[in-house]
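Inspection log for the structure reproduced underneath, given as structure tokens.
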Amino acid sequence: MRRLLATVLTALPLMAHAWGADGHQTVATIAAGLIKGTPAEARVAALLGDIPLPLAAIWADCVKGISPSQHYTYPSPGKYAECMPLETPARIAEMADYVKRNDKQCQIGMDEDSCHRQTHYADVALQRSRYRPGLVGTRSDDVVGALRQAILVLQGKPAPGQPNFTSQREALLVLAHLVGDIHQPLHVGSIYLDTQGKRVDPDKKGLDEATFTVGGNSLYIVAATPAPPVTAAPPAADGADSPVGAGHFGPIKMHTIWDGVPDKFNPDHVNAAWLAEARKIRSNTGDPADWPARWATQSLQQAALAFQGLTFSAKQGSHWTVSLPPGYNAKADAIKRQQLTQAGARLAFVLKTVFPD
Ligand SMILES: [Zn+2]
322 MRRLLATVLT ALPLMAHAWG ADGHQTVATI AAGLIKGTPA EARVAALLGD
372 IPLPLAAIWA DCVKGISPSQ HYTYPSPGKY AECMPLETPA RIAEMADYVK
422 RNDKQCQIGM DEDSCHRQTH YADVALQRSR YRPGLVGTRS DDVVGALRQA
472 ILVLQGKPAP GQPNFTSQRE ALLVLAHLVG DIHQPLHVGS IYLDTQGKRV
522 DPDKKGLDEA TFTVGGNSLY IVAATPAPPV TAAPPAADGA DSPVGAGHFG
572 PIKMHTIWDG VPDKFNPDHV NAAWLAEARK IRSNTGDPAD WPARWATQSL
622 QQAALAFQGL TFSAKQGSHW TVSLPPGYNA KADAIKRQQL TQAGARLAFV
672 LKTVFPD
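For the sequence shown, the working numbering gives the first residue as 322, with consecutive numbering after it.
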């Protein structure tokens, strides 16, 4: 099954866009609004050149289009419309350079095939009340560690860990994306299930990899609340992991439900009122390099809410099916709105703190 998943991941380099491009661009649009007129705005512009912050915010996902098995080329330009502005020869070369340094140079985690991909998330068990290094589902190069690394580079401090950044520009491109990811609850909190679909605690029992739900990618939705209309096909007999968007009849995955944002949360909807709301978010204090762990704790708590009231089938091949309780979409949207707003505010806080003048 792991080999099969790896094959699918290789074939479809961009199947997992956390928050979708829209959510990331919303986060960056909020942050851009909040740093307007500050020294941070000028420093960001100097580093990014003609890449606006909302485009920078999807760079780390578009990087997944670089294929290590095809000599670090970008084999499918045009496949993802949002990445097209990044598909110039110079920008592809920049993405390839990053992937070459962050492909196999780490300890690769469960159901993963490259280092840079695994910097987008952690898989902390929902039973934990806070993020702590050493827990099952954490790594030194998980989303917390990678954000810390990017912030150290932007502070001009030594950053010997992973991912490897060669410039502040590269660190900023990755930061602008991962601040979004760490606020997507399923990019931090994960449910672990036994063959009967009962919750297990991997930190207490020791990790059994068969209980890993791949950040909700092995959880297929069977019945959803009214909107949006969801048709989940019967699972493939061999338990194959069908890609999202590969057809109208593929399974809808729990992870995908959480990556998506409704139209009303698109970047176009970031207006003065939303910015005013974001300005009310209180800044973290102390060293910004320590902030990502606190954001992860809060996201983990939101993940616990995201899994409240759900019921799971017994394991069927490589997945479980999930039933969502009534009213789930509205509850999810409220959490998404709050997390997007906080992510935007916090990205701005980091930028203002590392670029004070
Ligand atoms: Zn991501």
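C-beta atoms are modelled at their ideal positions from N, C-alpha and C, and glycine is treated no differently.
field: Ala480 (DSSP reduced to helix, strand or coil)
entry: Here residue 480 is taken as the residue at index 159 of the sequence shown, counted from 1. Three-state DSSP puts Ala480 in coil, outside helix and strand.
- prompt: Between which two residues does the alpha helix (DSSP H) carrying Val420 extend?
  reply: Numbered from 1 along the sequence shown, position 99 holds the residue referred to as residue 420. Its alpha helix (DSSP H) spans residues 410 to 422.
- prompt: For ligand 1, is there a heavy atom less than 7 Å away from the beta-carbon of Asp502?
  reply: Within the sequence shown, residue 502 is the residue found at index 181, counting from 1. Checking every heavy atom of ligand 1 against the Cβ of Asp502, one is found closer than 7 Å.
task: Can you grab the Cα-Cα spacing for the pair Asp462 / Gly510, in whole Å?
output: By 1-based counting over the sequence shown, the position of residue 462 is 141. By 1-based counting over the sequence shown, the position of residue 510 is 189. In a straight line, the C-alpha of Asp462 is about 16 Å away from that of Gly510.
- request: Answer yes or no: the CB of Asp462 versus the heavy atoms of ligand 1, is any distance below 7 Å?
  value: Indexing the sequence shown from 1 puts residue 462 at position 141. Result no, Cβ not under 7 Å from ligand 1.
query: Under 7 Å from any heavy atom of ligand 1, does the C-beta of Trp414 make it?
result: Position 93 of the sequence shown, counted from the first residue, corresponds to residue 414. In the sequence on display, residue 414 carries Ala and not Trp. Because no heavy atom of ligand 1 lies under 7 Å away, the Cβ of Ala414 does not count as near it: no.
task: Quick one: residues in its chain with C-beta nearer than 6 Å to the C-beta of Pro334, no 5 flanking neighbours on either side, listed in chain order?
output: Within the sequence shown, numbered from 1, the residue matching residue 334 stands at position 13. Low local confidence applies: a pLDDT of 35 at Pro334 is under 50, so the model's placement there is unreliable, with the coordinate-based value given in what follows. These residues qualify, in order along the chain: Lys385, Gly386.
- prompt: Got a sec: does ligand 1 put a non-hydrogen atom nearer than 7 Å to the Cβ of Asp382?
  reply: For the purposes of this step, residue 382 is identified with residue 61 of the sequence shown, where counting begins at 1. Within the cutoff, so yes.
- request: Note down the Cα distance separating Tyr419 from Asp502, rounded to an integer number of angstroms.
  value: Numbered from its first residue, the sequence shown carries residue 419 at position 98. Numbered from its first residue, the sequence shown carries residue 502 at position 181. Each residue's Cα considered, the two are about 19 Å apart.
- prompt: What's the C-alpha gap between Gln483 and Gln517?
  reply: Translated into positions along the sequence shown, residue 483 becomes position 162. Translated into positions along the sequence shown, residue 517 becomes position 196. Rounded to whole angstroms, Gln483 to Gln517 spans 37 Å at the Cα level.
query: With DSSP run on the structure shown, which of helix, strand or coil describes His392?
result: What you label residue 392 is simply residue 71 of the sequence shown in a count that begins at 1. His392 falls in the coil class under three-state DSSP.
query: Thinking just about the alpha-carbon of each residue, which of Gly477, Gly537, Gln659, Tyr393 is nearest to the one in Pro572?
result: One-based indexing of the sequence shown puts residue 572 at position 251. Checked all of Gly477, Gly537, Gln659, Tyr393; the closest Cα to Pro572 is Gly537.
message: Along the chain, where does the alpha helix (DSSP H) containing Ser686 start, and where does it finish?
response: A question about residue 686 goes unanswered here, because the residues of the chain that appear run from 322 up to 678.
According to DSSP, residues forming a beta bridge with Gly510: Counted from its first residue, the sequence shown places residue 510 at position 189. BP columns for Gly510 point to Val445.
message: Quick check: what's the CA-CA separation for Glu415 versus Pro481?
response: Counting from one through the sequence shown, the residue named residue 415 turns up at place 94. Counting from one through the sequence shown, the residue named residue 481 turns up at place 160. Spanning the two alpha carbons is a distance of roughly 21 Å.
Rounded C-alpha distance that separates Pro406 from Ser634: Start at 1 with the first residue of the sequence shown, and residue 406 comes out as number 85. Start at 1 with the first residue of the sequence shown, and residue 634 comes out as number 313. Between Pro406 and Ser634, the C-alpha separation is close to 42 Å.
- prompt: What did DSSP end up calling Tyr649 once you bin it into helix, strand or coil?
  reply: For this step, residue 649 is matched to residue 328 along the sequence shown. Of the three classes helix, strand and coil, the one that applies to Tyr649 here is helix, per DSSP.
message: If you follow the alpha helix (DSSP H) that Val591 is in, where does it begin and where does it stop?
response: The sequence position of residue 591 within the sequence shown is 270, counting from 1. Neither: Val591 is in no alpha helix (DSSP H) and is coded neither H nor E.
message: Rounding to the nearest angstrom, what Cα-Cα distance links Ala417 and Asp424 in this structure?
response: Here residue 417 refers to the residue found at position 96 when the sequence shown is read from its first residue. Here residue 424 refers to the residue found at position 103 when the sequence shown is read from its first residue. Those two C-alpha atoms are separated by around 10 Å.
- prompt: Cα-Cα, which of Gln439, Ile351, Ala353, Pro398 is closest to Ala381?
  reply: Numbered from 1 along the sequence shown, position 60 holds the residue referred to as residue 381. Ranking the options by Cα distance to Ala381, first place goes to Gln439.
message: Here's the rule I'm using: 16 or more other beta-carbon atoms within 10 Å means buried, otherwise exposed. How should Asp608 be labelled?
response: Residue mapping note: residue 608 aligns to position 287 of the sequence shown, counting from 1. So Asp608 ends up on the exposed side.
task: Can you tell me which of the three DSSP states Gln517 falls into?
output: As a working mapping, residue 517 is identified with position 196 in the sequence shown. Note: Gln517 maps to coil in three-state DSSP.
query: Closest by CA to Gln470, which one among Thr459, Ser450, Arg449, Val495?
result: Against the sequence shown, residue 470 aligns to sequence position 149. Gln470 has its Cα closest to that of Val495, out of Thr459, Ser450, Arg449, Val495.
task: Please name the residue, chosen from Phe670, Ala653, Ala366, that lies closest to Trp612 on a Cα-to-Cα basis.
output: Position 291 of the sequence shown, counted from the first residue, corresponds to residue 612. Of the listed residues, the one whose Cα sits closest to Trp612 is Phe670.
task: Just the C-alpha distance for Gln448 and Asp678, rounded to the nearest angstrom, thanks.
output: Within the sequence shown, the letter at position 127 stands for residue 448. Within the sequence shown, the letter at position 357 stands for residue 678. Going from the Cα of Gln448 to the Cα of Asp678 covers about 42 Å.
task: Grab me the residues of Thr674's own chain with a C-beta within less than 6 Å of its C-beta, minus the 5 sequence neighbours each way, in chain order.
output: Indexing the sequence shown from 1 puts residue 674 at position 353. Once the five neighbours on either side are set aside, the close Cβ partners of Thr674 are Pro609.
- prompt: Cβ of Gly576 versus every heavy atom of ligand 1: is any distance shorter than 7 Å?
  reply: On the sequence shown, position 255 is the one that residue 576 refers to. Note on residue identity: the sequence assigns His, not Gly, to residue 576. No.
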